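Student: Supplied in structure tokens, the structure appears directly below.
Residue numbers (my numbering): 29 to 334.
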């Protein structure tokens with residue numbers, strides 16, 4: 029099995045089309061088809077179901093895709109590691125993140141990383157925590173900033189960043205406004221605005237209500253923080269969000285969520301195992317450690333001086 033066969037296979041799987049994959053790889057379509065046939069002969073299994081419009085993965089193809097992506101990611105990491113030993117950090121940093129993740133400021137970190145390592149191409153993907161965890165485990169992302177979704181595995185490890193409580197936000201005229209902490213049982217009959225189920229805040233809220241055995245109705249689903257707060261501001265529902273989200277709209281009343289079982293919003297950096305972590309990802313995490321230390325130092329100085 030040759031690496032180029034795996035590269036060709038992954039490209040076809042991503043594009044679901046031989047012509048488009050061939051154009052992206054800058055190879056002939058006949059050569060690409062021959063490469064896939066050679067891989068299928070070696071594995072003794074069809075990898076794609078071919079139609080006139082597109083190709084889809086077979087069960088064997090889906091199984092191979094996970095391993096092929098991981099192998100290719102390790103090969104890239106090996107190339108980058110050799111370059112790093114030679115004093116040159118290059119290659120690609122593929123980073124994933126949820127919106128407004130707590131404990132890290134992505135944009136200034138990326139800007140500083142680019143300043144220090146101009147030969148590294150930066151790619152950024154924004155998605156829900158579940159999808160980000162799968163992408164890191166499969167080698168499609170070098171690292172991701174997300175909300176805890178599952179225990180560590182052989183392909184995925186999580187480094188804690190921060191924890192914070194969940195907060196209920198509502199319209200100023202809502203009966204809850206001006207009150208104290210509320211429990212899931214007190215919110216059972218409310219209409220909720222929330223994120224899509226893959227997002228970290230939604231997962232955290234769902235877990236809190238499930239632990240309390242309270243059903244809730246999400247009438248409006250969005251995929252960005254400001255749209256959620258806009259809908260709450262118009263009185264179309266209440267929302268349960270991480271505490272720092274509420275700071276974006278000081279005019280909205282914010283009440284602590286008091287759950288029977290502690291379900292904090294915990295953000296983490298998701299990475300592959302140490303041996304599979306790319307030099308670019310290690311450099312980025314080192315930069316993150318520097319930023320966190322600086323923030324903690326400033327905070328300590330402020331507390332001392334105050």
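Don't be surprised by glycine CBs; every beta carbon is placed ideally from N, CA and C. A quick note: this is a predicted structure, and the numbers were derived from the prediction, not measured.
Is the separation between the beta-carbon of residue 260 and that of residue 197 shorter than 7 Å?
Tutor: Closer than 7 Å, so yes.
Student: Is residue 190 near residue 154, with beta carbons less than 7 Å apart?
Tutor: Not in contact: residue 190 and residue 154 (Cβ atoms no closer than 7 Å).
Student: Check whether the Cβ atoms of residue 308 and residue 132 sit closer than 7 Å, and answer yes or no.
Tutor: Not in contact: residue 308 and residue 132 (Cβ atoms no closer than 7 Å).
Student: Determine which residues share a DSSP beta bridge with residue 124 and list them.
Tutor: Note: residue 124 sits in a beta bridge opposite 153 and 172.
Student: Could you name the residues of the same chain whose beta carbon sits closer than 6 Å to that of residue 244, not counting the 5 residues immediately before and after it, in chain order?
Tutor: The residues are 220 and 237.
Student: Taking the straight line between their C-alpha atoms, what separation do you get for residue 63 and residue 33?
Tutor: Whole-angstrom Cα-Cα distance: 6 Å.
Student: Nearest CA to the CA of residue 70: which residue from 48, 107, 199 and 30?
Tutor: Comparing Cα-Cα distances from residue 70 to each of 48, 107, 199 and 30, the minimum goes to 30.
Student: Per DSSP, residue 186 is paired with what?
Tutor: Bridge partners of residue 186: 298.
Student: Roughly how far, in whole angstroms, is the beta-carbon of residue 97 from the beta-carbon of residue 168, given that I think they are within contact range, below 8 Å?
Tutor: The Cβ separation is near 6 Å, so the contact holds.
Student: With a threshold of 16 other CB atoms inside 10 Å of the CB of residue 310, please say whether the residue is buried or exposed.
Tutor: Burial call: buried.
Student: Please report the distance separating the alpha-carbon of residue 52 from that of residue 294.
Tutor: So the two alpha carbons sit approximately 39 Å from each other.
Student: Give, in chain order, every unbroken run of the beta strand (DSSP E) that is at least 3 residues long and sits entirely within the stretch 238-266.
Tutor: 245-250, all fully within the stretch 238-266.
Student: Thinking residue 46 and residue 40 are a contact (beta carbons under 8 Å), I'd like their distance in whole angstroms, please.
Tutor: Rounded, the Cβ-Cβ distance is 6 Å, consistent with contact.
Student: What is the DSSP secondary structure of residue 290, reduced to helix, strand or coil?
Tutor: It is coil, neither helix nor strand.
Student: So who's on the other strand from residue 195, going by DSSP bridges?
Tutor: Looking at the DSSP assignment, residue 195 forms a beta bridge with 269 and 284.
Student: Under the rule that 16 or more other beta-carbon atoms within 10 Å means buried, what is residue 290, buried or exposed?
Tutor: Exposed, since its Cβ has fewer than 16 Cβ neighbours within 10 Å.
Student: For the beta strand (DSSP E) that contains residue 85, what are its first and last residues?
Tutor: That run of the beta strand (DSSP E) goes 83-85.
Student: With distances taken from CA atoms, which of 233, 275, 87 and 242 is nearest residue 257?
Tutor: When each option's Cα is compared against that of residue 257, the closest is 275.
Student: Cα separation between residue 269 and residue 100?
Tutor: Cα to Cα, the separation comes out at about 38 Å.
Student: So is residue 174 buried or exposed if we call it buried at 16+ other beta carbons inside 10 Å?
Tutor: Label assigned to residue 174: buried.
Student: Tell whether a beta-carbon distance below 7 Å holds between residue 283 and residue 265.
Tutor: Contact flag unset, no.
Student: By Cβ distance below 8 Å, which residues in the same chain neighbour residue 130 in space, the five residues on each side in sequence not counted?
Tutor: Closer than 8 Å at the Cβ level, and outside the excluded window around residue 130, lie 189, 190, 192, 270, 272, 293 and 295.
Student: Spatial neighbours of residue 110 within its chain, please: C-beta separation below 6 Å, excluding the five flanking residues on both sides.
Tutor: Closer than 6 Å at Cβ, skipping near neighbours: no residue.
Student: Taking the beta carbon of residue 298 as the centre, do at least 16 other beta carbons fall within 10 Å, making it buried, or is it exposed?
Tutor: Buried.
Student: Given residue 267, which residues of its chain have a CB within under 7 Å of its CB, disregarding the five upstream and five downstream residues?
Tutor: Excluding sequence neighbours, residue 267 sits near 197, 220, 221, 222, 256 and 260.
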